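Protein chains in written order, with the numbering used here: chain W, 1 to 625; chain U, 1001 to 1625. All C-beta atoms, glycine included, are put in the ideal place defined by N, C-alpha and C. Nothing here was measured: the structure is a model prediction, and the numbers come from that model.
Protein chains: 2
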Amino acid sequence: MSERREFRDLATPEEARSVVEGLDIDPGTETVALADARDRVLAERVDAALDVPGFDRASMDGYAVRARDTFGADEAAPETLDLVGAVHAGERPSVTVESGTAAEISTGAVMPEGADAVVMVERTTETDGGVEIRTAVTPGEHVMLAGADIAAGARALGPGTRLTPREIGLLSALGVDEVPVRSRPRVGIVSTGDELVRPGEELDSGAGQIYDVNSYTLAAGVSDAGGEPVLYPHAGDDFDALEGLLHEAADECDLVMSSGSTSASAVDVVYRVIEERGDLRLHGVAVKPGKPMLVGTVGESAYVGLPGYPVSALTIFRTFVAPVVRDAAGIPEPRTATVAGEMAVDERYAEGRLRYMPVGLVEGSDGRTLVYPVDKGSGATTSLVDADGTVAVEPETDVLAAGDAVEVTLFSPDVRVPTLLGMGEDDPLLSRLLDRIDRPRYLPTGTDDADRRLREGVPDVAVLAGPERPDEPGVELGDWRREWGLVLAPDSEVDELAALVDGDHRFINRDGGSGLRRSFDAALERLADERDAAFADLTGAIDGYDLTAQANESPARKVAAGAADAGLGLRATAETLDLAFVSLGTERVRVRANPDRTEKASVERLRTLLADLQAPTAALSGFDT
Amino acid sequence: MSERREFRDLATPEEARSVVEGLDIDPGTETVALADARDRVLAERVDAALDVPGFDRASMDGYAVRARDTFGADEAAPETLDLVGAVHAGERPSVTVESGTAAEISTGAVMPEGADAVVMVERTTETDGGVEIRTAVTPGEHVMLAGADIAAGARALGPGTRLTPREIGLLSALGVDEVPVRSRPRVGIVSTGDELVRPGEELDSGAGQIYDVNSYTLAAGVSDAGGEPVLYPHAGDDFDALEGLLHEAADECDLVMSSGSTSASAVDVVYRVIEERGDLRLHGVAVKPGKPMLVGTVGESAYVGLPGYPVSALTIFRTFVAPVVRDAAGIPEPRTATVAGEMAVDERYAEGRLRYMPVGLVEGSDGRTLVYPVDKGSGATTSLVDADGTVAVEPETDVLAAGDAVEVTLFSPDVRVPTLLGMGEDDPLLSRLLDRIDRPRYLPTGTDDADRRLREGVPDVAVLAGPERPDEPGVELGDWRREWGLVLAPDSEVDELAALVDGDHRFINRDGGSGLRRSFDAALERLADERDAAFADLTGAIDGYDLTAQANESPARKVAAGAADAGLGLRATAETLDLAFVSLGTERVRVRANPDRTEKASVERLRTLLADLQAPTAALSGFDT
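Below, the structure written as structure tokens:
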């Protein structure tokens, strides 16, 4: 078995697709109430069991007549007919229209016996006991004959029809209140790994626990594809437990997916289960992300083993599994889930496997769609939401150059290009500004990265902090000031920067690319100058200078959690978390825009929001809540 | 009040749109479980409450080391470190990595204290009690730092974000199991009219009853737009009952829609309710279909009165109301719900109102999308499914000529152009053939109409029956024969055509455009010739010759129901319904294809199915089931 684990013979993506398509996950059929039939797929043809309308129906308000009696009538020479009564919608006619007579009739009412046409009320005048007809009508005029809409026995809807409001309308007209539809394929989801904890439960990070991302993510993906997800309790690496779960899921579902089960230890269990009760058809596919993939059967159920990393699991699910679920559910592939764009930057990749490169989209000038790679490593979950779709990069393509045309397969047809792409410093006030913009995307990559990316022309705006440099890219859109310094435990004795350097304190720094870190280093440089010491001597003296955190609040949170004595941060954060604070300065946060995109509506909106900050009432207008 | 009912001042469509947009249907917010959050819209920003990952995590299988200890190591000069233990995913490290030591580590495991990098297993060799390191690593290599994916305090998802599998993935990673989302707007649906019966209940056609089409249709439309439909029992024209229902619905819903309430009597009730408890803002809009439309408020709820005819009600709902429901639900307008096409035929219309013309689509040669009007009168429900979308025809446009470019707004982004458009004769064998084609559309318009439309180049195929004419359009794809004649009550004494003419029998004919009717008339011509009588004398002698039914089975069904003694029909139908049958002949049903489209896949498929019919095993292959 061990040689299998080495994925020696990776299948090509086409082979993998064909093996997955060969799985039988036909869920059969069921009957649902019409009220629940929306988006379901008809399992069999529905013929009309009755005529619609079920009777000859007046299609105008007016008078039911014998057409022959009106021949020759016009404005100049009206015919007068005797009025024998009236018929309203929803009642059985109590009159018969003989030659020379007429009955008042409402739209939708049953044509009374004898009548074969309706004269619309506008062309008549009621007289004493009679009605003057001022136009001739032909037999059938303003009458919808029984069955004219659809006749009993006629083919109404074919098998495979998806039931949208329109089809539900026709079924209603036919009086159908129960509909034979394809069942939704039941897809069992088993996540494996001792480290997994369900969202909402307590997490012990120190013991390496992480939240189970794949269960709910895949469940939502299954629902999107028209399947019915069934979540099983997550299996640890306990062989018997995993084996039991796989058996249970296989008995209850049309398809079982496990994720994380491509790890060596879980694979052993899956192999054992498949060898006892099924058939292994594929192990490993030459694609990134997602190389480890298992396809086979367990009992009567199909089985697919997905990688454990969420981005990999979702990519493999979407690319290979969702089409098969959709097909079994009878739901067509969504239309127009691709957009054409051009690379915003160069991207090099030479691993010789088909790569589904996650990309983000941004609207460039002239309405061009620019495409930039989003790759934070397959362990990252934020790349799930920071990307809009994928570009399939063929194994032989090593470089995509800026400006190259690419086709992006969107994650769903509902994906929209974000209105605003921002990058740069993390900041609590910025977060509140972003809440006031419709569908922005903001990547808190820090000042240095945002500076570089704005020069490359990728984002709409860069948010820069820390010491100002003379040649910052783009044009300034607005700014605000923030006070920064040391965030400290409430009982800390640290009262200035020197105390941090000279004392014995556990410190947490910000990462090198952040503006705050650059401001901190500048303060340390000044202190080194004052002391005539080397910068490295000071940083070496701070326990934790090299321990960095990614987000603006992170060091403060470590302090609040007791994991550190001091952290680099903002006064605003210290106040929010009820921590002590030693100010080391104030820095200006600059929002700088891509010069080609200052007219973009979202950039204008941000400019307005920034201008509002300067207004004296800004503090009252909700920004500081 | 009466002048209001006359719709004197119709609003323009723009005015109507603006009045509907002015309604307040904001449904507020609620909290849902993560498992139920798919497709919901975030009501507020979600910030990360914890670091992801929550610990410094090994991203490779290998050995956790102090990077400094590996400096200078390479294949030629490996460093050997003492092995102090192992750390697996999901466990708390029990070892500390001091200088000169290493710990075995699995992907996903917590980095042990002291270690700052991972050497991947492929670049190591385990020795007795130690491990040989054959490469240098830098601090942080193959380690994902705590918070590197997303750090505690960072902005994760903004308000207004629609929750797709990706966002659900990120929320899972953050351990969020309850999500604040916008509530779905509750939309109450009240159908009015004494004649309405809910699908599934008994229908009394003679009393003018019809099934309520609008309730379920609009409910499905509301769900599509992200709202939550609430069906109320249908109101008759009883003033008090309707008033009570409107009050109840207004108390319980964000928006109340009534349909059919634009009739004069119902309007009086609606006016009274609105005058007592609300505000009437609009009555009547210059658009077809759908002129009668009411917009206002009832109590705290918004109110829209829709026309009663299903096509009109759904058009007005889609055009004016759905965007507002979608907006309140926070769901963006679906993308690409339009296609460009060209008119297949001329269409004249000169009523001076904006018209949403229902159209069907067919793929012409060269991949062109041809557009043909579908108009069976606004009372028809089949036009709901025979159309794919609408073309907005401006009031000043009187004529659209064949070849004119038009833009079609699809009923939904999921609408696909039917693979096959057929028109012509209604036939039970044909129905079964169509079941074997993926998404065909077949309009049983009869032989004469199909002949004309195929000459115009609209359908892919025409199905013709009745006496053959020398110049039938298109190219023949295949055929079958069917035996036709008189379908009779089991105890009928009619044994030949002459008996029908000479006796006193209630007969039901087929409509003039059907091939069967032409065959019947030819038989009557021959009988007239034999008797040296006029054709009209014979037809005049048949009681019901002018009573026609639309579908092939309809006359037979009337006979089966006792509503007639004899009907024109097929032997197959008589057998299905256990009726007597007098044969009057056999006719050839010809399937003729548009010469430009014989290569179309669906046409090829139909050709194959027709060829299979001729095979000796056809009767066994399911066609006759």
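Checklist entry - With distances taken from CA atoms, which of W:Glu468, W:Arg469, W:Gly478 is nearest Val461 (chain W)? => result W:Gly478
Checklist entry - Nearest-angstrom Cα distance between Pro1165 (chain U) and Ala225 (chain W)? => result 11 Å
Item to check | Simplified DSSP assignment, three categories, for Leu1203 (chain U) | outcome: coil
Next on the checklist: Closer than 8 Å is the cut-off here; do at least three beta carbon pairs connect the stretch 1167-1184 of chain U with the stretch 1040-1058 of chain U?
Outcome noted: yes
Next on the checklist: Beta-carbon within less than 8 Å of Gly562 (chain W)'s beta-carbon, same chain only, minus the 5 sequence neighbours each way: which residues are those?
Outcome noted: Ala489
Next on the checklist: Considering only DSSP beta bridges, list what Pro1373 (chain U) is partnered with.
Outcome noted: U:Val1359
Next on the checklist: Assuming the contact rule is C-beta atoms closer than 8 Å, Val359 (chain W) and Thr390 (chain W) should be a hit. Round their C-beta distance to whole Å, please.
Outcome noted: 7 Å
Checklist entry - What do you get for Asp1279 (chain U), buried or exposed, if any count of 16 or more other CB atoms within 10 angstroms of its CB means buried? => result exposed
Next on the checklist: If you follow the alpha helix (DSSP H) that Arg437 (chain W) is in, where does it begin and where does it stop?
Outcome noted: Just to set this straight, residue 437 (chain W) is Ile in the shown sequence, not Arg. From DSSP, Ile437 (chain W) is part of no alpha helix (DSSP H); its letter is neither H nor E.
Checklist entry - Can you tell me whether DSSP reads Ser1621 (chain U) as helix, strand or coil? => result In this prediction, Ser1621 (chain U) scores a pLDDT of 47, lower than 50, which makes its location untrustworthy; no coordinate-derived value is stated.
Checklist entry - By Cβ distance below 8 Å, which residues in the same chain neighbour Leu34 (chain W) in space, the five residues on each side in sequence not counted? => result Ile168, Leu171, Ser172, Val176, Asp177, Glu178, Val179
Checklist entry - Hey, how far is the Cα of Glu1530 (chain U) from the Cα of Glu1553 (chain U)? => result 30 Å
Checklist entry - Helix or strand or just coil, what does DSSP make of Thr1107 (chain U)? => result coil
Item to check | Close-in-space but distant-in-sequence residues of the same chain around Asp448 (chain W) (CB under 7 Å, 5 per side omitted) | outcome: Gly513
Checklist entry - So, helix, strand or coil for His1247 (chain U), using DSSP? => result helix
Checklist entry - Along chain U, in chain order, which residues have C-beta atoms closer than 7 Å to that of Met343 (chain W)? => result Chain U residues near Met343 (chain W): none, gap ~22 Å exceeds 7 Å.
Checklist entry - From the beta carbon of Glu1192 (chain U), is the nearest beta carbon of chain W less than 7 Å away? => result Going by the sequence as given, residue 1192 (chain U) is Thr instead of Glu. Closer than 7 Å: no.
Item to check | CB-CB length for Val190 (chain W) against Tyr232 (chain W), believed under 8 Å | outcome: 5 Å
Next on the checklist: Does Asp398 (chain W) pass the burial test, meaning 16 or more other C-beta atoms within 10 Å, or should it be called exposed?
Outcome noted: exposed
Checklist entry - Cβ of Pro1078 (chain U) within 7 Å of Cβ of Glu1132 (chain U)? => result yes
Next on the checklist: So that I know if they touch, is there some Cβ in chain U lying closer than 7 Å to that of Val339 (chain W)?
Outcome noted: no
Checklist entry - For Gly1090 (chain U), which residues in chain W fall below 9 Å Cβ to Cβ? => result Gly193, Asp194, Glu195, Leu196, Ala207, Gly208, Gln209, Ile210, Gly236, Asp237
Item to check | the stretch 138-153 of chain W in contact with the stretch 104-124 of chain W per 3-pair CB rule at 8 Å | outcome: yes
Item to check | CA-to-CA distance, Val46 (chain W) to Glu1493 (chain U), given in whole angstroms | outcome: 35 Å
Item to check | Contact the stretch 8-25 of chain W vs the stretch 119-126 of chain W: 3+ CB pairs below 8 Å | outcome: no
Checklist entry - Per the contact definition of three or more C-beta pairs closer than 8 Å, is the stretch 1402-1417 of chain U in contact with the stretch 1329-1342 of chain U? => result yes
Checklist entry - Taking the C-alpha atoms as reference points, what is the distance between Arg432 (chain W) and Gly1129 (chain U)? => result 55 Å
Next on the checklist: Do Val1362 (chain U) and Ala1016 (chain U) have their beta-carbon atoms positioned less than 7 Å apart in this structure?
Outcome noted: no
Checklist entry - Can you tell which of U:Ile1150, U:Gln1209, U:Asp1327, U:Ala1235 has its C-alpha closest to the C-alpha of Asp1026 (chain U)? => result U:Asp1327
Item to check | Contacts around Leu245 (chain W), its chain only, beta-carbon distance under 8 Å, and the 5 residues preceding and following it disregarded | outcome: Val190, Tyr232, Pro233, Ala235
Checklist entry - Taking Cβ-Cβ distances shorter than 9 Å, what residues in chain W pair up with Leu1434 (chain U)? => result Arg45, Arg155, Gly158
Checklist entry - At a Cβ threshold of 7 Å, is Leu1609 (chain U) touching chain W? => result no
Next on the checklist: As an exercise, report each continuous alpha helix (DSSP H) stretch of at least 4 residues that is fully enclosed by the stretch 114-177 of chain W, in chain order.
Outcome noted: 165-173
Next on the checklist: Run through the DSSP bridge pairs and tell me what Tyr545 (chain W) is partnered with.
Outcome noted: Paired residue(s): none; Tyr545 (chain W) is not in a bridge.
Checklist entry - Hey, out of U:Leu1174, U:Gly1221, U:Pro1093, U:Glu1456, whose CA is closest to Asp1346 (chain U)'s CA? => result U:Glu1456
Checklist entry - Does the stretch 298-314 of chain W come within contact of the stretch 378-385 of chain W, defined as at least 3 CB pairs closer than 8 Å? => result yes
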